Amino acid sequence: MLFLGHFLEYLHFMTVLQVEDDLRQLKPSLEKVTVSEGRTTLNTQALNIRKHAEDLVFLVGIFCSTITFFLPVDIPRYLFTIRSGQVDPMAADFCHFKQCFVLCWSSVVDVLEALQKLLREFAVPLAKVSGERLVELSHVWDSGWSKAPSAMPVLSVLENWEEVSELISHPGQRYKGEGGIEAAAIHIQSSWRRYLARTAYLCHCRRKWAAGTIAISWLMHAQLCRVRKALQARRFSQLENSRSRAQHLAANWKRIQSFKRTIIHIPSLGYSQRKRLNLRGFDILQNIQMSRLCDIRDENVEVIYICPQHLGNDILDYYTSLLKCDGATDGADTTTARASSSVRRYIILTPEAVDYFPTHNMCLSTLLKYSPQTLKHIRNLIQGKHAYIVGGIAHVDDLAVADELGLPILGPEPAIAQHYSTKSGARRIFVGAEIDVPPGQGNIYSLNQLHETLAELMTQNTDVQRWLFKIDSEDGGRGTAYCDTCHLSCYKWMFNVYEIPEWLTHYAQPAKTSCYPNWACFLKTFLRQGGVVEAYPPSNSVTCLTVDLLLEPGGEVTMFSCGDQLHGGCKLEAIGSIVPQSSVHPETLHSICTRVGRACLQRRIVGYVSVDLVTFLDHNTMEKKVWAVDLDITYSNQLAMTQMLLMMTGGTLNCRTGCLEAPMPIREQCCEHQIAPVGNLCAVIGNHLFHSDLSMLYNKVFLMMCKAHGIRFNKKLATWGSLVNSFVCGVVNRTVSEDLQRALATFARHLSVIHQEISVPKSQGETNFMVPC
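The sequence shown stops at residue 773 when you use the UniProt record's numbering, and every number in between is there.
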C-alpha cells in the first residue's frame, strides 16, 4: 500500500507538469471567435478542440506506454512477534504496524490485549501475529461482538496458529500460565460442587423414583387387595348359595327324580392350568362324553349338553339317528333320520367364548362363565322347570356358573373334590371305610422321605415284587411309575436303605413315557405335587375293575356301572372295560362300594364317583383279595358308555347280581303280541382307544367304511362307535354279544379291520388298537 501511495503522488505531479506544458503549446492555436445575439456582440478566443483531440490521445498513449509498474510478489502482512504473552512496543515491525493503522488503533488494541491475555494464560512462548488479520478481526469485533470472542477466532490471527492450538490443547496447559493456580482452584472447586450437586440430584431422582414406585406399588397392592376381597366375597357368596341350593336338592331329591326334570351336562375337566396346557387336544378330551345325551332314555329327563367345540352337521346327524333308537347309525339317509326340534328332548349348546379363547385350554366351566349369551339361552330353556347341573372334574368356576343360573350342582364343593380326588386323599377315604388297600404311604414330598418310606415298606412286605409311584394330581396311567425289586442286589440282605436311591435311578421307569420320558422328569413332578408309594399285587394274575357310583344327595348309594378293565400296551392304564364285571362276587363288590360311598358322604362328597379295585389270588392264604387303589370324583367315561349301551339295547344293568339283561331278538314271530325273551349279554366298551390316522378321515367316510364291513347296529350283535368331532383321534366302541368270548372276538376283529383300512402300509400310525388284553 505504501508503494501505491507514492505512485499516486508521482502520477499527480507528472499530470500537473504535462497540463502546464500543453497550455503553453496550445496558446498559439487560439482562434478569434465572434458571437452575436440580437444587438449584443461578443469577441473572444477559443481552442479548436476537434483539431487537437487526436494529438492529446496520442500523447496520453505514449505516456502510459513509457511507465513501468513494479508490483511485489508477496504483499507485506505487517508481521510482528509476541513473546510469552507480551508485545515489544519498541520493536520495528510492531511500530511499523502501529503507524500504518493508527486511525483504527483503538479497536486493534482491544483485540491485541485479548490475544496477549490468552497467550499468557496458556504460557505460549512464541506467537507470530498477522497484522492484517488482526485489523480484520478488530473490525468484526467492533461490528458484532458484545463480549470477548472465543479462543479460536483470536488464534486465527496467528501465522503459527497450528503450533499454538496444539500447545493450548494439552491437558493442564491452562494451569501453567498466568493465574493458573487460581484457575486450578476454581476448576477443582467447581468440579467438586458439580459432583456434590450431581450426587444430590441423582439421590433426589432415586428417592423420587422410589417414592413414585412405592406409591404406584401401594396403589396397585391396595387395588389388588380390594379386587381380591371382592372376589373372595363373591366366591364366598357363590359357595353359600351353592350350599343352600344343595340342601334344597337333598331335601327334594326323591320328588325331583319322580317329576320331569332337566339335566345340564357340563363335561368340564377342571385340571390345574399347568396340566391343561400340557394336554394335547384338550377340547376333544372334554367332549369325549357325548354319550351323556343318553340320559334321555328316561322319559322324564331333558338334557342340555354343553359342548366345548363346534360340531359339524355329520356329527349332529349321527347322534340324532343314534338317539332315535331305530338302528340307523350307519350314516345313511341322515336327512330323514333327524328328529324334529319340537320332539327332541336334548339340545347341544357351544359357549361363544370358545371362539375367543381357542388356544388357552380353558376348562368348559370357565368358557361357559364368560359366555353370557349361552347362559341367557340356558336360563330361558330351564325357566319354570326342575333342573340341576352334572359337571365333570370340579372347578371353582362351576360355582360361578351355578350361581349365574341359580341351579344346584350334583357334586361336591370344588375344594372338597380337589382334596379327596388325589391319590393320597383316596387312600384316606379307603382307610376310613375300612377297606383293604395296598401296602403304601401317601403325602410324600421329599426325596429322603421317599427313600425312607420305600425302605420301610419293602422290609415289611418282602413278597411284593413291584412298587408303584403315583403322582397325586394325575389320573389313569399318566402319573404312574414302577420299579421291580428283582434289580435290587441287597434284596437278600433286607434292603439296605443306602442302595435304594441308586436302584430307583437305574431301574424305575414311568408307565407312559409320552408324558414323562424318564425317571428324573417323573421324580421332579412327583416331589413337587406329592404322591403315593404303593405295592403292586404280588400275583401273576391281577384283574382290575371299575365301579361307578351315584352318591345321592339324600344319602343313598347306587351302583350305576361295573366292568373289568381292558389294558393295552401300558399295563397300568385301562383302554376299555367288559360290562358287567365278573372278577368279584357281586355281594362282596356291593359291600365294598357301599362302605366307600358312605365314607364319601360323611366327607360331604355327593354325585358321581368312580372306584378302581384290583383283585388277585393270595398265594399264602389261597384266598381272593380285593384292594381299593383309586377314587375319581367325576362322571367317568365308562358310565357314559354304559348309558349309551343301555339305551341301544333297551336293557338294564343289575350290579347287585352282575347281570346285563336285554330283550333278545325274536327269530320266528308266532303271534302279534309275542313278548321278546330277556337274555344275559356281555358288552365290551373301548373308551380310551386311540389311532393317529383317524384324524385324516371325514366322519361320513368312516361311517361308510364301517357299514361296508358290517360294523353297525343290529338286534343280535351290536357295535357302536361314538364319534366326537371331525378331527378326533380317539374312538369309543361298544360290542355286545350273548357270551364274553364272542364279544371279545368281535371287538378285536372290528378294531383290526379299522386299523387295516385307515393305516398306510409303509407308515403305521400310533395306535393301541392291536393290544387290548
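Every residue gets a Cβ at the ideal spot worked out from N, C-alpha and C, and that includes glycine.
Note that the structure is predicted; figures quoted are calculated from it, not measured.
The residue among GLN99, TYR536, ILE266 and LYS385 with its C-alpha nearest the C-alpha of THR462 is TYR536.
Taken through DSSP and simplified to helix, strand or coil, GLN565 comes out as strand. Residue state for ASP630 is assigned as strand, using DSSP reduced to three classes. Each residue's CA atom was taken as its position, placing MET647 and ILE256 some 22 Å apart. Secondary-structure assignment with DSSP links LYS624 through a beta bridge to LEU617.
For VAL532, DSSP records a beta bridge to LYS470.
Annotation: GLN289 is outside any beta strand (DSSP E) and is labelled neither H nor E by DSSP.
In the three-state reduction of the DSSP assignment, GLN86 falls in the strand class. Ranked by Cα distance from ASP618, the first of THR652, SER541, HIS170 and TRP467 is SER541.
Given a length threshold of 3 residues, the stretch 352–386 has no whole run of the beta strand (DSSP E) inside it.
For ARG604, the three-state secondary structure derived from DSSP is coil. Closest by C-alpha distance to CYS659, out of HIS585, ILE186, GLU573 and HIS691, is HIS585. A straight-line Cα-Cα distance of about 8 Å links ILE284 and GLN309.
Membership of ARG245 in the alpha helix (DSSP H) is indicated by the continuous run 180–251. Per DSSP, TYR482 is one residue of the beta strand (DSSP E) stretching across 480–484. Under the three-state reduction of DSSP, ARG261 is assigned to strand. The beta-carbon separation of VAL533 and GLY440, rounded to 5 Å, stays under the 8 Å limit for a contact.
When secondary structure is reduced to three states using DSSP, VAL108 falls in the helix class. In the displayed model, GLU587 falls within a helix according to three-state DSSP. Under the three-state reduction of DSSP, THR543 is assigned to strand. The beta carbon of ASP436 sits closer than 6 Å to those of TRP627, all from its chain and outside the five residues before and after it, given in chain order. When C-alpha distances from HIS386 are compared across GLU302, MET622, LEU694 and HIS204, the shortest belongs to GLU302. Between THR657 and the set LEU589, ALA433 and ILE429, the nearest pair of CA atoms involves LEU589. As a beta-bridge residue in DSSP terms, GLY576 pairs with LEU566. Look at CYS655 here: in three-state DSSP terms it is coil, with no helix or strand label.
The C-beta of PHE357 has fewer than 16 other C-beta atoms within 10 Å across all chains shown, which makes the residue exposed. Judged by their CB atoms, SER291 and GLN643 are nearer to each other than the 8 Å cut-off. Put simply, the backbone Cα of LYS470 is about 7 Å away from that of ALA481.
Leaving aside the five residues that flank GLY85 on each side, the residues in its chain whose CB is nearer than 6 Å to its CB run, in chain order, GLN116, LEU119 and ARG120. A straight line joining the alpha-carbon of PHE560 with that of GLY411 spans about 16 Å. When rounded, the separation of the alpha-carbon atoms in ARG193 and SER165 is 30 Å. With contact defined as three or more Cβ pairs closer than 8 Å, the stretch 316–326 and the stretch 270–281 are not in contact. Within 10 angstroms of the beta-carbon of TYR635 lie 16 or more other beta-carbons, which makes it buried.
Judged by DSSP in its simplified three-state form, ALA394 adopts coil rather than helix or strand. Considering only LEU399, LYS571 and PRO414, the residue with the shortest C-alpha distance to SER237 is LEU399.
Taking the Cβ atoms as the reference, HIS567 lies roughly 7 Å from ILE575, within the contact range of under 8 Å.
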